[in-house]
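J.: What follows is a structure written as structure tokens; I'll ask about it next.
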Amino acid sequence: MSITVNDLSFNFGQNRVLKEISFTARGGELLSVLGPNGVGKTTLFRCILGLLRGYRGQICLGGTDIKGLGAAEMARLIAYVPQFHYPSFNYSVFDMVLMGTSVHVSAFSRPGREQAKLVDAALERLGISQLKERGFTRISSGEQQLVLLARALVQESPILVMDEPTSNLDYGNQVRVLTEVKSLVSEGYTIIQSTHSPDLAFMFSDRVLALKDGAVLGCGPPEEVFSEELIYALYGMRVKMESLYYDRVRVCIPKHIADKAAAASLVSNL
Amino acid sequence: MERDRRNTFIVAGLGILLLVIVVLSFGLGRYPVSAGEVLGIALSKIFPLEQFWADRTETVLLNIRFPRIILACLVGACLSATGAAYQGVFQNPMAAPDILGASAGAAFGAALAILNRCSSFTITLSAFIFSLLTVFLVYYFSKKIKGKSILGLILSGIVVGSLFSAATSLVKLVADPTDQLPAIIYWLMGSLAGAGSREIKFALIPMTLGLLPLLLLRWRMNVLTMGDDESRAMGINVNRIRLTVIICSTLTTAASVAVSGMIGWVGLVIPHVARKIVGNNYHHLLPASVLSGAIFMLLVDNVSRNLLTAEIPLGILTAFIGAPFFIYLMTRRGEYS
Amino acid sequence: MFRRKTVAAAAVLTLSLIVALLLIGGCGGDPAGDPAAGQEKVAFTDSVGREVEVPAEITRIVPSGTMAQIVLLSLAPDKLVGLAERWSPDAAEYLDEQYYNLPVLGQFYGGKGDHNLEEIARVDPQLIIDVGEPKPSIADDLDGISAKVDIPAVHITATLETMGEAYRILGELLGMEEEAAVLADYCEEVYSRTQEIAAAAGEAGAAKLLYCTGDKGLNVIPRGSFHAEIVDLVSDNVAVVEETASKGTDNAVDLEQILLWDPEMIIFGPDSIYDTVAGDTKWQELTAVKEGRYYEVPAGPYNWMGFPPSVNRYMGMVWLTKLLYPAEAAYDGYAETARYYKLFYHCELTEEQYTELVARSF
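Below, the structure is given as structure tokens:
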């Protein structure tokens with residue numbers, strides 16, 4: 002299922018946060034959103050999720066404009082994996098994930114055996130079945146992130162929105178989660194995530210959306226969008242971009258370190 | 042699954058405990074009634090039995106003890122359920138039934154009626170109506186406050202609630218200090234002494250109308266504790282559920298305060314007790330709160346009418362029992378299962 | 025599995041118990057007739073028109089509140105089986121021990137409403153009596169209490185003027201016409217005598233009086249208030265306020281207002297500032313204080329001027345007229361007081377006790 006955004010603009014009072022943003026993420030794609038802190042990634046996501054309604058422009062999910070959709074209809078199309086969850090009450094991991102099935106259950110009943118099976122499957126898939134009975138507040142933040150991802154999975158929506166899903170994870174978990182995400186994408190999920198790591202974004206994404214000052218700086222496959230100029234424009238950091246493995250991987254190295262290393266190797270070769 | 046089944050047993054156990062205490066409460070009271078007489082009177086309603094007790098005994102049992110026992114259970118059940126529900130929809134463990142001013146409004150209604158020397162049923166009615174009115178005002182004003190709806194509700198509740206409290210103080214100021222003022226103060230301290238079948242019939246409808254939807258919606262309350270954004274993203278119509286919970290809770294709280302006066306702590310402490318026993322999942326938490334609240338209130342009312350000759354107001358007892366118990370609960374290391 | 029069976033068994037047992045209880049609840053009406061040999065009943069119409077069946081011979085009564093308690097103590101102390109309110113400790117000086125130690129049942133009127141229904145049922149009175157001014161809802165309330173404890177309840181209206189009549193009705197009800205007549209005559213005598221003295225003093229001679237209460241002495245009883253009946257009757261109550269907020273409150277005013285009124289005489293309620301006012305420079309400005317014409321209302325066991333506004337107020341009438349118009353009220357203070365105490369408290373008042381009572385009142 003595709004996400005199509007046309008000329009999306011949003012203001013917080015006088016502050017113009019999003020300026021005529023347009024992009025498309027097709028079904029079965031991972032779209033990574035890159036941009037400096039505070040550029041409006043979360044606002045963009047909240048608009049797409051239907052949590053902010055006061056935007057101008059058009060957002061379509063699978064061709065349907067979301068303006069007319071209610072919460073339940075939205076939830077069947079798109080699920081949310083937040084960056085942090087501050088719990089007021091401690092629930093077990095199982096119960097947390099079970100909540101994701103609420104949209105498939107009527108208002109007056111509770112999820113049953115069917116939904117419990119979905120939960121078990123999701124936990125299994127993400128390798129956190131052993132956490133099932135643990136309290137959510139007692140597990141590590143990386144594990145919490147995986148739980149939130151599992152919760153989104155059981156919602157069985159074709160589109161997932163993930164707000165910086167790997168920020169809290171150790172390197173191993175980062176790669177594991179992204180691999181998992183990639184596998185979901187290959188099953189047909191459409192996933193849009195925000196990330197601060199250009200390297201990983203390049204490695205895993207099908208499309209990249211670069212945002213600066215609320216506007217689109219670049220959108221398209223990473224090989225086309227990524228460049229040293231782009232990184233400088235986004236982060237104000239001069240980098241040397243190296244391409245590896247037939248351009249399947251690109252690595253950004255801060256320029257001053259790259260230059261120093263190059264100079265050192267020159268000297269050592271003499 | 043294990044925890045689930047265990048919790049179901051616990052809830053069933055609470056139900057049985059409640060029944061046992063209800064039965065025992067019939068035997069408690071200043072008027073001497075033997076267990077045999079209790080049983081006799083009870084059975085005589087089903088089978089024809091030779092009457093071996095005094096008329097007066099039956100009157101005491103049916104007209105004095107029975108209404109009090111039933112009302113104590115209902116009030117305790119409603120206040121705890123409402124407290125638990127509010128803690129969920131406001132995502133705040135410190136929420137209590139009077140967070141939106143329902144109690145303050147009821148107090149004003151009762152004080153006003155006492156000032157005008159109304160009959161005791163009119164006092165109850167007045168308390169009920171003003172309670173509903175107050176929450177309506179709170180909700181209405183909260184809609185005008187920009188920003189997060191929960192914050193708006195709480196702020197509005199504080200403001201409107203304190204307005205009505207001030208109004209109640211004004212009523213106390215102009216009341217006759219020989220009879221009206223003590224009557225107001227005593228009503229505010231909470232008591233089921235005047236409970237009769239009239240009060241039961243009056244309170245039963247709003248209490249049932251309120252409790253039933255709360256129990257039906259209890260799974261969704263779990264989701265609401267995750268926060269507005271996440272709940273909405275999971276497909277829950279947050280505003281509608283919150284409004285429903287508020288309406289239902291107001292009905293139960295208004296009815297409870299109208300018949301029993303201001304009783305605090307029950308709505309705050311009992312849900313936490315229930316959380317320690319069955320966990321935070323509202324599927325078991327809400328029924329557990331209902332039953333624990335009923336048990337607690339019944340025990341407190343038993344103390345109220347039996348410890349001394351004069352009745353001890355319920356609000357005082359719940360505070361003296363509830364507050365230390367709350368401290369004890371909070372200092373113990375609560376391990377989530 | 026085993027646990028399931030136990031739970032099921034327990035559930036069935038308790039279910040049958042619930043059913044039983046529910047059936048009780050369904051029928052909360054009149055219990056089946058009188059098993060004991062019926063006491064003879066007569067019909068009685070009380071002061072608000074309620075027709076109540078009461079026993080022909082009444083030996084056990086309880087008061088509904090403090091006002092009724094004082095009245096019933098005076099007329100039929102030996103028939104009392106319970107009190108509405110505990111007597112204050114200084115009442116022990118005047119009251120017989122057996123009356124002092126009666127069980128306390130709580131009051132449903134004129135006070136907290138903390139009556140304990142079961143306690144009432146336990147002491148088994150034949151009749152609950154309410155005396156005083158009728159509330160609008162009184163018929164409803166008394167019927168309610170009657171239904172709950174299955175004991176008849178009656179209301180006898182009594183004001184300062186009609187106290188005599190009230191006593192006569194009570195006398196008829198309790199079969200104590202003679203004793204009631206004595207009390208009724210006394211009330212009517214004192215009341216008309218008070219009126220005569222006030223009339224004799226006339227408008228011009230009416231003393232300008234202020235009745236102050238409260239721990240700062242700033243709560244005045246205004247003209248027209250329920251509690252100012254006696255003051256209004258025998259003097260010119262200078263405390264004229266526009267809104268007598270509800271019948272019978274005191275009004276909190278400030279010293280400026282009192283200075284404006286500048287009464288000739290001030291009476292202070294007990295526990296007010298009678299002791300300290302002499303040394304208080306603020307109050308020195310008042311004529312009454314400068315000339316030493318301020319007094320304290322006597323009290324023991326009850327305030328003579330009211331609080332509660334029951335028969336104790338007759339003592340207030342006796343005292344106040346004597347204080348204000350000693351020429352016209354030429355009776356012996358001690359004799360009159362002793363007479364009251366004998367009639368109403370069944371107490372032989374000694375001269376010492378009298379002197380102590382009125383030490384600050386003349």
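Protein chains in written order, with this note's numbering: chain R, 2 to 271; chain U, 42 to 378; chain F, 25 to 386.
C-beta atoms are modelled at their ideal positions from N, C-alpha and C, and glycine is treated no differently.
Suppose you measure from the CA of I200(U) to the CA of L141(U); what does that come to, to the nearest Å?
T.: The sequence shown places Val at residue 200(U), not Ile. Going by the C-alpha atoms only, they are around 9 Å apart.
J.: Considering only the beta carbon of each residue, do T49(U) and H313(U) sit closer than 8 Å?
T.: Taking 8 Å as the Cβ cut-off, T49(U) and H313(U) do not qualify as a contacting pair.
J.: Just list the beta strand (DSSP E) runs in the segment 56-104 of chain R, keeping only unbroken ones of 3 residues or longer that don't cross its boundaries, in chain order.
T.: Correct list: 57-62 and 79-82.
J.: Using a Cβ-Cβ cut-off of 6 Å (strictly less than) and excluding sequence neighbours within five positions of G340(F), which residues of its own chain qualify?
T.: Cβ within range, chain order: I254, W328 and M329.
J.: Three Cβ pairs or more, each shorter than 8 Å: is that satisfied between the segment 266-285 of chain U and the segment 43-53 of chain R?
T.: Counting Cβ pairs under 8 Å, three or more are found: they touch.
J.: Based on Cα-Cα distance, which residue from G129(U), V176(U) and I164(U) lies nearest to M145(U)?
T.: The residue asked about is misnamed: residue 145(U) is Ala in this sequence, not Met. Considering only alpha carbons, the answer is V176(U).
J.: Between A362(F), D299(F) and L310(F), which has its C-alpha nearest Y319(F)'s C-alpha?
T.: Answer by Cα proximity: D299(F).
J.: Run down chain R in chain order and give the residues with a C-beta less than 7 Å from the C-beta of T266(U).
T.: Chain R residues near T266(U): S89 and F90.
J.: Can you tell me whether F243(U) is helix, strand or coil according to DSSP?
T.: Correct three-state label for F243(U): helix.
J.: Helix, strand or coil for H139(F) per DSSP?
T.: Coil at H139(F), not helix or strand.
J.: Given this structure, state the Cα-to-Cα distance separating A125(U) from S107(R), to the nearest angstrom.
T.: Their Cα atoms are separated by approximately 22 Å.
J.: Taking the alpha-carbon of E352(U) as reference, which of Q131(F), D295(F) and D260(F) has the nearest alpha-carbon?
T.: Considering only alpha carbons, the answer is Q131(F).
J.: DSSP beta-bridge partners for R251(R)?
T.: DSSP, once it has assigned bridges, lists S244(R) as partnering R251(R).
J.: With distances taken from CA atoms, which of V300(U), V331(U) and L69(U) is nearest Q231(U)?
T.: Correcting the residue identity first, residue 231(U) is Gly in this sequence and not Gln. With distances taken between Cα atoms, G231(U) lies closest to V300(U).
J.: State the Cα-Cα distance for the pair Y378(F) and N140(F), rounded to the nearest angstrom.
T.: About 37 Å.
J.: Provide the residue(s) that pair with E77(F) in DSSP beta bridges, ordered along the chain.
T.: In DSSP, E77(F) forms a bridge with A67(F).
J.: Are V298(U) and G117(U) closer than 8 Å when you measure CB to CB?
T.: For V298(U) and G117(U), no; Cβs fall outside 8 Å.
J.: Using a Cβ cut-off of 7 Å, which residues of the segment 107-134 of chain U contact any Cβ in chain R, in chain order?
T.: Those residues of the segment 107-134 of chain U that come within reach of chain R (Cβ to Cβ, closer than 7 Å) are Q132, N133 and P134.
J.: Short check: CB of I180(F) to CB of V86(F), under 8 Å?
T.: Not in contact: I180(F) and V86(F) (Cβ atoms no closer than 8 Å).
J.: For I111(U), which residues of its own chain have a beta-carbon under 7 Å away from its beta-carbon, when the five flanking residues on both sides are left out?
T.: Counting only Cβ-Cβ distances below 7 Å, and skipping sequence neighbours, we find I241.
J.: Between A92(F) and S249(F), what straight-line distance do the alpha-carbon atoms span, to the nearest angstrom?
T.: Distance between the alpha carbons of A92(F) and S249(F) is about 21 Å.
J.: Would you report the Cα separation of L292(U) and L284(U), rounded to the nearest angstrom?
T.: Going from the Cα of L292(U) to the Cα of L284(U) covers about 12 Å.
J.: DSSP on P328(U), reduced to helix/strand/coil?
T.: Correct three-state label for P328(U): helix.
J.: Return no unless some Cβ of chain U is closer than 8 Å to the Cβ of P83(R).
T.: Yes - at least one Cβ of chain U is within 8 Å of the one on P83(R).
J.: Shorter than 8 Å from the beta carbon of E142(F) to some beta carbon of chain U?
T.: Yes, E142(F) counts as interfacial toward chain U.
J.: Please confirm whether M163(R) and Q194(R) have their CB atoms less than 8 Å apart.
T.: The answer is yes: Cβ separation under 8 Å.
J.: In whole angstroms, give me the CA-to-CA distance for R44(U) and Y323(U).
T.: Taking the straight line joining both Cα atoms gives about 14 Å.
J.: Please tell me whether L70(R) has its Cβ less than 8 Å away from any Cβ of chain U.
T.: For L70(R), the answer is no, since every Cβ of chain U falls outside 8 Å of its Cβ.
J.: If A224(U) and L55(U) are in contact, beta carbons under 8 Å, what's the gap, nearest whole angstrom?
T.: At roughly 36 Å, the Cβ-Cβ gap does not stay under 8 Å, so A224(U) and L55(U) are not in contact.
J.: For G173(R), count neighbouring Cβ atoms within 10 angstroms of its own Cβ and tell me buried if that reaches 16, exposed if not.
T.: G173(R) should be labelled exposed.
J.: What does A171(F) reach in chain U if we use C-beta pairs closer than 7 Å?
T.: N104, listed in chain order.
J.: Distance, Cα to Cα, I160(R) vs A80(R)?
T.: For I160(R) and A80(R), the distance between alpha carbons rounds to 6 Å.
J.: So which of F11(R), S110(R), K256(R) and D171(R) has the shortest CA-CA distance to R57(R)?
T.: The residue with the shortest Cα to Cα distance from R57(R) is F11(R).
J.: I'd like the list of long-range same chain contacts for A264(R), defined as Cβ closer than 8 Å, with 5 residues on each side in sequence excluded.
T.: If we look at A264(R) and ignore the five residues flanking it on each side, it has no Cβ neighbours.
J.: Below 8 Å, how does it come out for the segment 213-229 of chain U and the segment 86-94 of chain U: are there three or more Cβ pairs, yes or no?
T.: Judged by Cβ distances under 8 Å, the segment 213-229 of chain U makes no contact with the segment 86-94 of chain U, as fewer than three pairs qualify.
J.: Got a sec, what are the start and stop residues for the alpha helix (DSSP H) S183(U) sits in?
T.: S161 to K185 is the span of the alpha helix (DSSP H), which, as asked, contains S183(U).
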